[in-house]
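Visitor:
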RNA sequence: GCUGUUGUAGCUCAGUGGUAGAGCACUUCCUUGGUAAGGAAGAGGUCGUGAGUUCAAUCCUCAUCAACAGCUCCA
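In my numbering, the protein residues as written are 49 to 692.
#1: Distance check for residue 389 and residue 339, CA to CA, integer angstroms please.
#2: Would you check if the stretch 511 to 526 and the stretch 536 to 553 touch, i.e. whether three or more CB-CB distances between them fall below 8 Å?
#3: Going by DSSP in three states, residue 178 sits in which element: helix, strand or coil?
#4: Counting only the same chain and skipping the five closest in sequence on each side, list residues whose C-beta sits under 7 Å from that of residue 207.
#5: Measuring CA to CA, which of 123, 263, 291 is closest to residue 226?
#6: Got a sec? Which residues, its chain only, sit under 8 Å from residue 262 by beta carbon, not counting five neighbours each side?
#7: Could you pull the start and end residues of the beta strand (DSSP E) that residue 222 belongs to?
#8: Which residue comes first and which comes last in the beta strand (DSSP E) that contains residue 386?
#9: Determine the contact status of residue 380 and residue 361, defining contact as a CB-CB distance below 9 Å.
#10: The alpha helix (DSSP H) with residue 471 in it runs from where to where?
#11: For residue 539, list the residues DSSP reports as bridge partners.
#12: With which residues is residue 502 paired in a DSSP beta bridge?
#13: Classify residue 546: buried if its beta carbon has 16 or more other beta carbons within 10 angstroms, exposed otherwise.
#14: What are the start and end residues of each continuous beta strand (DSSP E) run of 3 or more residues lying completely inside the stretch 119 to 172, in chain order?
#15: From residue 323 to residue 571, what distance separates their C-alpha atoms?
#16: Within the same chain, show all residues whose beta-carbon is closer than 8 Å to that of residue 221, passing over the 5 residues directly before and after it, in chain order.
#17: At which residues does the beta strand (DSSP E) containing residue 352 begin and terminate?
#18: Excluding five sequence neighbours on each side, which residues of the same chain lie with their C-beta closer than 6 Å to the C-beta of residue 260?
#19: CB-CB under 7 Å to residue 90, same chain, minus the five flanking residues each way: which ones, in chain order?
#20: Mark residue 637 as exposed unless 16 or more other C-beta atoms lie within 10 angstroms of its C-beta, in which case mark it buried.
#21: Using only the heavy atoms of the ligand ATP, determine whether one of them is closer than 8 Å to the beta carbon of residue 102.
#22: Quick one: what's got a C-beta closer than 8 Å to residue 354's C-beta in the same chain, skipping five residues either side?
#23: State the DSSP-derived secondary structure class of residue 673, mapped to helix, strand or coil.
#24: Considering only the beta carbon of each residue, do residue 474 and residue 514 sit closer than 9 Å?
#25: Closer than 7 Å by C-beta to residue 302: which residues in its own chain qualify, once you throw out the five before and the five after it? Chain order, please.
#26: Please work out which residues of its chain come closer than 7 Å, Cβ to Cβ, to residue 592, disregarding the five sequence neighbours upstream and downstream, and give them in chain order.
#27: Ends of the beta strand (DSSP E) at residue 51?
#28: Are at least three pairs of beta-carbons, each pair with one atom in the stretch 475 to 485 and one in the stretch 524 to 535, less than 8 Å apart?
#29: Please go through the same chain and pick out, in chain order, the residues whose beta-carbon is closer than 6 Å to the beta-carbon of residue 430, but skip the five residues on each side of it.
Next comes the structure, spelled out in structure tokens:
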């Protein structure tokens, strides 16, 4: 019996029935056979040793394939488990999957502390075990057999997992002395794993549920070559240099104080310039797009949030009400701006002719985020949203939504964020009690969001369970230096709040109608946006945002007077900069200005003084030659204009 | 909030059961220098906070606060 195997290039070859992936790889080339990790059979990844029993389209997977890496890391997780069991007999295993970079295994060490030394010891053991070239072998087992094995072994988490599986579809994998419940696939043997690093230990709730026991999660990464591990670790180090918390300190942009309170950022002068530049940019864009700026207070009476539903949802996990000398009077620090804007809407009767009304505010809000969630500027307890609420007629929702998408894209493009993900965040259908409002309005909102995104040609991913409690969202996600995803821009359709606040307008039919509300914040928050911006450009801000645009560097103190003249001239033109008149050599001044990532340096000495010139140096690009001061100023002013 | 790790000078970090050190930054002096670190001297710290063990604690124990990694959460 022969079967036909279709290779990725479309060619078809005949093999005996029951041929394995490794046999196919060998028939193609010895080199391929040496590096092949798994095989894709009709879109499914299999072990190389598994016989193929019918015609199939295949692809041999190596380290260069994503699925190859995933398989490699999955097998590495098993190796980690084997090492753990060898060193910590009786350890109970949860799950051990591959992740984007590496893998982890969740284990229950019976309450034993597991520190860095234990981690290092396990790593050594893994290396030792890997060298044994133990084969990963697959075995079909019945549900009863599977339960019997793990009951005898005393692995309650595996038993729970098996309980959820169908009989007849359960497989074990074994390498060395370690047997695991696993559907596979795996690489041929442990010898492929040449380089490994256990990265860290963390807690993780069993099955991701806060109410379950917390297991110990061990993260690691492995590679087929030592050099690749070194490169990866180097890359991690490089990424850490772009961390906004590090750069924020070095460039004096923001700070935190224990005394002020955790998660409450202090914006330093240079950071404030950056922030205000962004704010100005947004104000201008919004005025152009037909928004009306408003300003509302930082607190509001508790009744406001009872009406909005936020109090019920978040009240007990928030900053608690502020009391006044009047018995029973309570105010909340505002955790969002929408209720205030609803009250602005209600200040007078509205006609359908008035809509849409777009109220915009850089609104500072306070949310009592869990202490473990705080993270630099990306997750804080006091932050400023570039918030706005659009009140419109139902038939205007889509066109308004599209306009907002355009605004968000304009902002992202202006700041060079090309790699974002547009995420449609919907309800978790299995968990509807988390949300308010009627189904048909949710469905309508979801449809409108998806249609608007599609019409703008946005590639979207849909994520269930990420909606706000009052409505679905379109979120714009951007990765930080270390690849963590953050939500920046967000657009939300809301049919609930207008009802709760009894907002209305008079239609052309002279009847009262309820408007629809669109919440939107292109930056999301100034704090988070600045954080991601810092990491994105590694602190080398575009000229229009740079806190210090120019450093004037006199070659010696003899030229300080002329340097001051140059500096004053820049200031007159609203150019931001500094004059470095320290008694230091020019090399030193240049180094310091480079380190501080100042885009332009103007060097002045004997030659420049006599001719009214400046020697221009660009950050990280070196000497640009000399130019008359006036001409430099003219050119610079053109170059530093904000996008519009 | 949970698990683990960390907390020493403005910053980056050494170090020790007998009340502390480096480099950079800072101050002063020398130097007046042409595109990434000139030289010298000086000043600067209740070793996160509180309690305990000890003749003696920055170091050991406990508690607490904060930061970091991850989980959970995210209006």
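Idealized CB from N, CA, C, for every residue including glycine.
Quick caveat, the model's predicted, so the values are computed rather than measured.
Guide: Here's the rundown:
#1: Per the coordinates, the alpha-carbon of residue 339 lies some 13 Å from the alpha-carbon of residue 389.
#2: When C-beta atoms of the stretch 536 to 553 are compared with those of the stretch 511 to 526, three or more pairs fall below 8 Å, so the two segments count as touching.
#3: DSSP places residue 178 in helix when its eight states are reduced to three.
#4: Around residue 207, the same chain offers 195, 198, 199 as residues with beta carbons nearer than 7 Å, after the five sequence neighbours per side are excluded.
#5: The candidate whose alpha carbon is nearest that of residue 226 is 123.
#6: So the list reads 251, 252, 253, 254, once near-sequence residues are dropped.
#7: It spans 218 to 223 - the beta strand (DSSP E) in which residue 222 sits, taken as one unbroken run.
#8: Membership of residue 386 in any beta strand (DSSP E) is not indicated; the residue belongs instead to the alpha helix (DSSP H) covering 386 to 393.
#9: The answer is no: Cβ separation not under 9 Å.
#10: Looking at the DSSP string, residue 471 is not in any alpha helix (DSSP H); the run it does join, the beta strand (DSSP E), is 468 to 474.
#11: Bridge partners of residue 539: 522, 568.
#12: DSSP, once it has assigned bridges, lists no residue as partnering residue 502.
#13: Buried, by the Cβ-count rule.
#14: For the stretch 119 to 172, whole beta strand (DSSP E) runs of length 3 or above, ordered along the chain, are 150 to 156.
#15: Taking the straight line from one Cα to the other gives about 11 Å.
#16: Correct list, in chain order: 126, 184, 185, 186, 187, 227, 228, 230, 232, 234.
#17: Segment 350 to 356 is the alpha helix (DSSP H) holding residue 352; no beta strand (DSSP E) there.
#18: So the list reads 253, 254, once near-sequence residues are dropped.
#19: Around residue 90: 104, 105.
#20: With at least 16 other beta carbons inside 10 angstroms of its own, residue 637 counts as buried.
#21: As far as ligands go, the structure on display features none, and thus does not contain the ligand ATP.
#22: Excluding positions up to five away in sequence, the list reads 360.
#23: Strand.
#24: Going by C-beta atoms, residue 474 is nearer than 9 Å to residue 514.
#25: Exclusion of the five residues before and after residue 302 leaves 296, 313, 314, 315, 316, 319, 425 as the residues of its chain whose Cβ lies within less than 7 Å of its Cβ.
#26: Setting aside the 5 residues that flank it on each side, residue 592 is surrounded in the same chain by 325, 688, 689, 690, each with a C-beta closer than 7 Å to its C-beta; the list follows chain order.
#27: First-last of the beta strand (DSSP E) with residue 51: 50 to 54.
#28: Using a C-beta cut-off of 8 Å, the stretch 475 to 485 makes no contact with the stretch 524 to 535, since fewer than three inter-stretch Cβ pairs fall below that distance.
#29: Excluding five sequence positions before and after residue 430, the CB atoms of its chain that fall closer than 6 Å to its own CB belong to 312, 414, given in chain order.
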